[in-house]
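When the letters of the sequence shown are read in order and numbered with the working numbering, they come out as residues 327 to 514.
Even for Gly, the Cβ is constructed at its ideal location relative to N, Cα and C.
A quick note: this is a predicted structure, and the numbers were derived from the prediction, not measured.
Report on one structure; see the data block that follows.
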Amino acid sequence: IEEALQKAIEDGTSYDLELPFITAKGNARWIRAIGRPESSDGKVTRLYGVMQDITEQKQAADELQKQKDWLEVTLSSIGDAVIATDTSDEVLFIDAVAEALTGWKSADAMGRNLNEVFYTINERTLQPDESPVQRVLRERDVAGLAHHTTLFSKDGLRRTIADKRSANCRNRRSRTGRHPRISQHDRL
327 IEEALQKAIE DGTSYDLELP FITAKGNARW IRAIGRPESS DGKVTRLYGV MQDITEQKQA
387 ADELQKQKDW LEVTLSSIGD AVIATDTSDE VLFIDAVAEA LTGWKSADAM GRNLNEVFYT
447 INERTLQPDE SPVQRVLRER DVAGLAHHTT LFSKDGLRRT IADKRSANCR NRRSRTGRHP
507 RISQHDRL
């Protein structure tokens, strides 16, 4: 903070910092320090600032990141393809197996509509399948694809697939949707 204060005084640079801080009693805290210099005739004449204890926010953010990392490791370690969405069909997570089957890299799939990333048709009717997320939400239960379902990958490959879905339908307003597991079955 001393460096930020010095720059503010010398050349009028504002600052907004989050810093670890040790109190007079030796307690570790996190603070947010904001400073705005006021100048007159090219010279800093005043410095307005505030310091805020943000320890609880930092701890909550750290805990949330740990949970996110744990969940990602757990989902990534499942042997089947996993795509997680919110209740609006927005892709929130896609694992490496699903990337290989769909042709979509995780970074490209995030935020896209599931029907774009996971485009399937019924082999017999040649009609696009209903959104699996919306079906699970409507039926409030595990729902499977038709027995004759084809997945079209981003790179144009067609794969016959079978799946099993799980759903968390407790709160329709939550961002947790259903988490399809897809496994590839080659035709002979």
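Alpha carbon to alpha carbon, what distance is there between residue 358 and residue 451?
60 Å
Buried or exposed by the 16-neighbour rule on C-beta atoms within 10 Å, applied to residue 424:
Burial call: buried.
Do residue 371 and residue 382 have their CB atoms nearer than 7 Å?
no
Helix or strand or just coil, what does DSSP make of residue 562?
The structure shown does not extend to residue 562, since the chain is modelled only from 327 to 514, so the question has no answer here.
Can you look up residue 417 in the DSSP assignment and give me helix, strand or coil?
strand
Among residues of its own chain, excluding the 5 on either side of residue 445, which ones have a beta-carbon nearer than 8 Å to its beta-carbon?
454, 477, 478
How far does the alpha helix (DSSP H) with residue 464 in it reach, from first residue to last?
Element bounds for residue 464: 458 to 465.
My guess is that residue 415 and residue 439 are in contact by the Cβ rule of under 8 Å, so how many angstroms apart are they, rounded?
In this structure residue 415 touches residue 439 by the C-beta definition: roughly 5 Å separates them, less than 8 Å.
Determine the direct distance from the alpha carbon of residue 482 to that of residue 434, and round the result to whole angstroms.
Their backbone Cα atoms lie some 16 Å apart in a straight line.
Would you kindly check if the distance between the Cβ of residue 356 and the Cβ of residue 380 is under 7 Å?
yes
Work out the CA separation of residue 375 and residue 328 for me, nearest whole Å.
13 Å
Please classify residue 407 as buried or exposed, where buried requires at least 16 neighbouring CB atoms within 10 angstroms.
buried
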